[in-house]
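For reference, the structure discussed in these notes is given below.
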Amino acid sequence: MDDNIKMAEVDFDCLDRDCDGLVSFKLSDALIDDFQALCPNCHGAYQFDDELTAKLNKLRDLIVAVRKAEDILGDCNVAITVPERTVKVPYALLLTRLNTMITLNLAGREIDFHFRIEPSSPETFR
Ligand SMILES: [Zn+2]
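In this text, residue positions in the sequence shown follow the working numbering: the first is 6, and each later residue adds one.
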C-alpha cells in the first residue's frame, strides 16, 4: 500500500441524532481487526462489521487501481455538455480532487462515507 492510500481519509456524520460531529478515520486503519472509529464530539464508538470492512477494502483496491493509472488519466478528459458549449474536465480531477462518496449500510441506516485522497503528485494536474 503506498503512502497516499495509507493517508486516505474517510468521514461520515455521527449517527447520534443530537450530535453534529464528523467521524473521520484513515482508510488503512479501518482494515485493522477490532478497529473503532470515534466521534470527536460525543465520543461515540463505531465498530465496522466484516461486510462493511470488505467494502472499504474493495474501495481501497479501486483507489489503488486509479493511482496506478494516474499517468494516463492525466491525459484523459471527460466531456460534459452544458447549454451551448462543452466543458472538458480531466479524469484525474474527477477521480482525485472531487470528493468520492460511497453510501453504505451502517447499523441499519444508509450512511454517506466521504473519501478524501490527495493526488500523489502535483504534476498530475496540468
Ligand atoms: Zn457524535
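Beta carbons: idealized from backbone N, C-alpha and C, even for Gly. Computed from a prediction, not measured in an experiment: that's the story for all the values here.
Within the present structure, is the beta-carbon of residue i separated from the nearest heavy atom of ligand 1 by less than 8 Å?
{"i": "GLY113", "result": "no"}
{"i": "VAL28", "result": "yes"}
{"i": "HIS119", "result": "no"}
{"i": "ASP16", "result": "no"}
{"i": "ASN46", "result": "yes"}
{"i": "ASP54", "result": "no"}
{"i": "ASP21", "result": "yes"}
Tell me whether residue i is buried or exposed, calling it buried when 16 or more other Cβ atoms sit within 10 Å of its Cβ.
{"i": "ARG65", "result": "buried"}
{"i": "MET6", "result": "Any reading at MET6 must be qualified, since the residue scores a pLDDT of 49, below 50, and its modelled position is unreliable; no value is offered."}
{"i": "ASP25", "result": "exposed"}
{"i": "LEU32", "result": "buried"}
{"i": "ARG114", "result": "exposed"}
{"i": "ILE68", "result": "buried"}
{"i": "ASP23", "result": "exposed"}
{"i": "LEU27", "result": "exposed"}
{"i": "ALA70", "result": "exposed"}
{"i": "ALA42", "result": "buried"}
{"i": "ALA13", "result": "buried"}
{"i": "ALA84", "result": "exposed"}
Three or more C-beta pairs closer than 8 Å, one from the region 105-118 and one from the region 49-60: is that the case here? Flag = yes, the region 105-118 and the region 49-60 touch.
Identify every run of the alpha helix (DSSP H) within the region 48-75, keeping only runs that are complete inside it and at least 4 residues long; order them along the chain. 55-73
Would you check if the region 35-54 and the region 66-74 touch, i.e. whether three or more CB-CB distances between them fall below 8 Å? no
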